[in-house]
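For the sequence shown, full-length UniProt numbering assigns the number 1 to the initial residue and increments by one for each residue that follows.
Don't be surprised by glycine CBs; every beta carbon is placed ideally from N, CA and C.
None of the values given here were measured: they were computed from a predicted structure.
What follows is one structure encoded as structure tokens, with my remarks underneath.
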Amino acid sequence: MVWVLLKNNPPITICKQMNSEAKLFGLPLRTFSKIAAGMVAFLGTFVLIGWAADFKFLLQIIPGMPAMNPLTAVCFILAAISLICSQQTPGTAPDPLLVYIGRTCAAFIGLAALLKLASSLTGWGFQVDQLLFRHELAAQSVHFPRAMSPNTAINLFCCAAGLVTLDKRTKRGQWPAQYLAIWTMLWAWLTLVSYLFDSRSFYSTTSYVPMALHTCAAFVVLTLGMLTARPEHGIIATLCSMEVGGKITRRLMPLAIFIPSLLGGLKMINHGTSLFAADFSVSMVVIASIVISMAIICGIGAALNDSARERRRVQRGLRDSQRRFRSIWEHSADGMRLTDGEGTMIDVNPAFCDMVGIRAEELLNKPISELFADDEDPRRSLQKYKERFRAGMIDQNLEKQIKFRSGRVADVEVSVSYVELEGGKPLLLSIFRDISERKIAETQIRELNEVLERRVAERTAELEASEQRYLFLADSMPHIIWTAKPDGSLDYFNQRWVEHTGLNLEEAKDWGWQAAIHPEDLESCMARWSQACETGESFETEYRLRQGSDEVYRWHLGRALPLRDEKGDIVQWVGTCTDINDLKQVQDEFKRLNADLEKRVEDRTNALTKANLALEKDLDKRKLVEASLARVKAKLEAILDAATQVAIIATDTNGIITMFNPGAERILGYTKEEMVGKVTPERYHVPNEVESYGAQLSEEFDRTIAGFSVLVEQARHVGYEEREWTYVRKDGLLIPVSVVVTALREADGKMVGFLAIVRDVSRRKEAEAELRASEARFRALSASSPIGIFQTDLAGNCLYANAQWLRLAGLRSDEVTGLGWTNAIYPPERDEVMKEMAACSKEGREFTREFRVQTPEGIVRWVRSRAATIMAQGKAVGYVGTTEDITERRAAEEQLRRFAADVENTNSELKEALAKVKTLRGLLPICSGCKKIRDDKGYWNQIEFFIRDHSDANFSHGMCPECAKQFFPGFVAVSGRTQGR
1 MVWVLLKNNP PITICKQMNS EAKLFGLPLR TFSKIAAGMV AFLGTFVLIG
51 WAADFKFLLQ IIPGMPAMNP LTAVCFILAA ISLICSQQTP GTAPDPLLVY
101 IGRTCAAFIG LAALLKLASS LTGWGFQVDQ LLFRHELAAQ SVHFPRAMSP
151 NTAINLFCCA AGLVTLDKRT KRGQWPAQYL AIWTMLWAWL TLVSYLFDSR
201 SFYSTTSYVP MALHTCAAFV VLTLGMLTAR PEHGIIATLC SMEVGGKITR
251 RLMPLAIFIP SLLGGLKMIN HGTSLFAADF SVSMVVIASI VISMAIICGI
301 GAALNDSARE RRRVQRGLRD SQRRFRSIWE HSADGMRLTD GEGTMIDVNP
351 AFCDMVGIRA EELLNKPISE LFADDEDPRR SLQKYKERFR AGMIDQNLEK
401 QIKFRSGRVA DVEVSVSYVE LEGGKPLLLS IFRDISERKI AETQIRELNE
451 VLERRVAERT AELEASEQRY LFLADSMPHI IWTAKPDGSL DYFNQRWVEH
501 TGLNLEEAKD WGWQAAIHPE DLESCMARWS QACETGESFE TEYRLRQGSD
551 EVYRWHLGRA LPLRDEKGDI VQWVGTCTDI NDLKQVQDEF KRLNADLEKR
601 VEDRTNALTK ANLALEKDLD KRKLVEASLA RVKAKLEAIL DAATQVAIIA
651 TDTNGIITMF NPGAERILGY TKEEMVGKVT PERYHVPNEV ESYGAQLSEE
701 FDRTIAGFSV LVEQARHVGY EEREWTYVRK DGLLIPVSVV VTALREADGK
751 MVGFLAIVRD VSRRKEAEAE LRASEARFRA LSASSPIGIF QTDLAGNCLY
801 ANAQWLRLAG LRSDEVTGLG WTNAIYPPER DEVMKEMAAC SKEGREFTRE
851 FRVQTPEGIV RWVRSRAATI MAQGKAVGYV GTTEDITERR AAEEQLRRFA
901 ADVENTNSEL KEALAKVKTL RGLLPICSGC KKIRDDKGYW NQIEFFIRDH
951 SDANFSHGMC PECAKQFFPG FVAVSGRTQG R
């Protein structure tokens, strides 16, 4: 009944792919190993709790039975920890810290076991098992002392040694840890059986302390966990194998364990109770041996039948595979060639013959050097091929132009791989694909891409220059300039805002700028600004703006106009803040003076003395106004002196420098005293640049322009000129600068001089040069890459795809923009691929997948695509990836893999099955009297010698009852009387 139950519900189930996926009681072996460790640790912990709290039911499963020693419980917990630390995922290196912890725990277990064995064998007074719970252990049971059993110490030492050597392998390929675990498991199983049949001699050693029942169970579970921790090694690998040996082992293992245990138990029961006669017990053993032998023979026969049927199936599959391979070989559009290690062509397909223009009969059994017409040294080429073949060096997707002996020249793509036929001889399979038309198309596309990239680069440069120019103007203006979103939140301030308020862009953006508005003016300013944002009207108001971090406020005039798109919707607000504090003071002063004047008019009839007094007061007020204007001028000069990042230089109409601010001193290295009133700007200009530009202006204005006039001629005519020059510092260093020259005129239009605002653009020039070089390298690599390259934004819209990617998809560049590139994904796989890409984007991990693409003509290809996130300032801005055509590789790999696997499985199964069979056949002449057998030479041999020489059978010698009576009658008589008593 047990056999039928285990056969229908086997405890061990095997996955067909690999041994490591086998299951025990429905759980993967590695998972079962972890659970077993947890069960052992759980049991040890509960026993320690029982000792600490004096719970008898936790110490003894059955009252009156031996209890588990506390040191044994501690050792089980350490063994569980060691087993957990030894767990590792296949193909990954173990954690050194976990390995150290596991081996330390195992070493402690082994040391405790050795100390216990030493005290038991030598009478040594040190009792290591009495260190824990000394008072509780002192109250020992009469029949079963609570000391550690020597059996337990031996098994603990075996488990410790097994845990330490879990990954150790002998030179003969054996795994000692598994044998130690099996030894411990059998000993514990034997003890469990002895408990079942109440045989004390099995679970104790002579007069020593017996092993506790739950100790036996813990050893069985622990050793099962040790065996299943490495299911790919040794005996467990054989047990989990899908080969014939593994199947037979799994089928017969329950019989080999349970039947001897059952018969042994019955014999022990009979020995104690005399329920059955001795002959009956022997008969049961004989019958059990016969049953086991018959089961083994039947199992081997069934396995051989299965192997024969599988062999025939494999042979049919092999023939079908060969026919399919030959069909692919004959009808493939790519040229294929098989060569051996000597460079001899073994076989070629028709497509290869058409490609080279030579018949197959002229190529077979000829060296590959006879193919090429441009090979100057065939012997050297052939020798180089042999060296590469022996070294296993192969080229994948190599593109080159070949001139064949027939005179035909072709661009081909060559893919090479090793194959092994039935004889085990390695051959080299070369696949040639004619890509001449593709090369022509790639050349045309490359030329078009170059033109497009050149236009894009020119337009990009123009846009960058325009942006830099406007940013420069914004930062150079004496007014505060700002921009805002349609909802009114500000997103940009120029440098003047930072210098005036002390708030940087991060602090002032959105609505942070309100902190700089005077509290009394904030409410009215916000009301006017909200009204402008709602109605779209222009914004204008006056308010006080804080200056720096102190509590000084200056009056400003705020203005803003909306920018609208073609639909009339507001896309941005552009505004300015103008300092009108001095004007407000003057206006207030004028208002007051006007009031005084009116009062004087009203009092014109007053005395002359009063009129003179009023006049004197008026003059005093005018002096105050002039003083205020002087202060404004002084503040303006202070502002110019504080602009250290910009050089501000003013000249008179003759070019003599009249103003040279600290920024100019920093950039040019000259002091103000060296320049003002002494030299012209020609001092720090490169003469060649001035002469070259002067010649250009002379031709434009049709008159000679030289000297200082070259620098200001455009500003003289149009009032303004922006140009880049190369300045010469005082130390001789050349620096590129951007110069804005403005003509200075009085109110009547008379020119009084020129003003130049200079910025150092060295860093910008270096960055632009590096950007151009980097972009040129990328464009060159992308255009010549044999792998498809693409770039998308965060929403998946395609921004760029190179020529190879467009060829794989069969689409034009205008068809892949936006989400048009998804049309190239094979429709049945499109949703799955897009979901995986979305998941990778959400989780921030790299996308890697093999899938199919389909061109508009219906051509389906396998590709391998990878995409990574593009980061800018710590944020994801898009994705860049590659797409590689793997159609031929997948087809060839799958075909060769199935072919090699079928042949290998068939050969290994046949060899293993035939190696195990050695039988006697035919009629054997045997003597009817002495039972000797005559061999083929005419000699008569004892039956055991004949069977030994003609089979693998072994013999054990005994004596049947009849022979015992004949040769030892006295012994038999005495034995009979003893049994009768």
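**Coil, strand or helix - residue 712 by DSSP** = helix
**Asked** Just reading off the beta strand (DSSP E) that residue 871 is part of, what are its end residues?
**Response** Where residue 871 is concerned, the enclosing beta strand (DSSP E) stretches over 860–872.
**Buried versus exposed call for residue 731 [16 or more other C-beta atoms within 10 Å across all chains shown]** = exposed
**Request:** Please confirm if the segment 327–343 is in contact with the segment 430–437, defined as three or more CB-CB distances below 8 Å between the two stretches.
**Result:** yes
**Prompt:** Does the beta-carbon distance from residue 804 to residue 788 come in below 7 Å?
**Reply:** yes
**Message:** Quick check on residue 400: buried or exposed, where buried means 16 or more other Cβ atoms within 10 Å of its Cβ?
**Reply:** exposed
**Asked** Looking at the structure shown, is residue 211 part of a helix, part of a strand, or coil, going by DSSP?
**Response** coil
**Residue closest to residue 111, alpha-carbon to alpha-carbon, out of 78, 99, 596, 95** = 78
**Message:** Considering Cα atoms alone, identify which of 342, 35, 240 is closest to residue 380.
**Reply:** 342
**Message:** Check whether the segment 758–766 and the segment 850–861 touch, using three or more Cβ-Cβ pairs below 8 Å as the test.
**Reply:** no
**Message:** Along the chain, where does the beta strand (DSSP E) containing residue 410 start, and where does it finish?
**Reply:** Taken as a continuous stretch (DSSP letters only), the beta strand (DSSP E) holding residue 410 covers 409–420.
**Prompt:** Helix, strand or coil: how does DSSP classify residue 226 here?
**Reply:** helix
**Prompt:** Do you know offhand how far residue 81's Cα is from residue 218's?
**Reply:** About 14 Å.
**Asked** DSSP puts residue 941 in a beta bridge; with which residues?
**Response** 933
**Message:** Going by DSSP in three states, residue 543 sits in which element: helix, strand or coil?
**Reply:** strand
**Message:** Looking at residue 482: is its Cβ nearer than 7 Å to the Cβ of residue 493?
**Reply:** yes
**Prompt:** Using the C-alpha atoms, what's the distance from residue 525 back to residue 535?
**Reply:** 16 Å
**Request:** Tell me whether residue 558 sits in a helix, a strand or coil according to DSSP, three-state version.
**Result:** strand
**Item:** Contained beta strand (DSSP E) runs [length at least 3] in the segment 485–535, N- to C-terminal order
**Value:** 490–493
**Message:** Between the alpha carbons of residue 865 and residue 849, how many angstroms are there, rounded?
**Reply:** 6 Å
**Whether residue 726 touches residue 733 by CB criterion (7 Å)** = no
**residue 717, buried or exposed, once every other Cβ within 10 Å from all chains shown has been counted against 16** = It counts as exposed.
**Prompt:** Between residue 560 and the rest of its own chain, which residues show a CB-CB distance below 6 Å, the 5 nearest in sequence each way excluded?
**Reply:** The residues are 539, 573, 575.
**Asked** Three or more C-beta pairs closer than 8 Å, one from the segment 33–43 and one from the segment 224–233: is that the case here?
**Response** yes
**Request:** Please report how far the alpha carbon of residue 488 lies from the alpha carbon of residue 554, in whole angstroms.
**Result:** 23 Å
**Prompt:** From 211, 176, 177, 180, pick the residue whose C-alpha is nearest to that of residue 193; which is it?
**Reply:** 211
**Message:** Quick check on residue 480: buried or exposed, where buried means 16 or more other Cβ atoms within 10 Å of its Cβ?
**Reply:** Answer is buried; the Cβ neighbour count reaches 16.
**Message:** Please identify the residue among 692, 754, 878 whose C-alpha is closest to the C-alpha of residue 790.
**Reply:** 878
**Item:** Every unbroken alpha helix (DSSP H) inside the segment 98–166 [4 residues or more]
**Value:** Fully enclosed alpha helix (DSSP H) runs of 4 or longer: 134–138, 150–164.
**Request:** Starting from residue 685, follow its DSSP beta bridges and name the residues at the other end.
**Result:** 727
**Asked** Which full runs of the beta strand (DSSP E) of 3+ residues lie inside the UniProt domain "PAS" (774–836), going along the chain?
**Response** Given a length threshold of 3 residues, each whole run of the beta strand (DSSP E) inside the UniProt domain "PAS" (774–836) is given here in chain order: 788–793, 798–801.
**Residue range of the unbroken alpha helix (DSSP H) whose run includes residue 46** = Its alpha helix (DSSP H) spans residues 29–53.
**Message:** So, under 8 Å CB-CB, residue 85 and residue 101 are touching, yes? Tell me the CB distance rounded to an integer number of Å.
**Reply:** 5 Å
**Message:** For residue 588 and residue 498, what's the separation of their Cα atoms in angstroms?
**Reply:** 29 Å
**Message:** I need the straight-line Cα distance from residue 208 to residue 233, nearest angstrom please.
**Reply:** Below a pLDDT of 50, predicted positions are generally treated as unreliable, and residue 208, at 48, falls in that range; no measurement from the model is reported.
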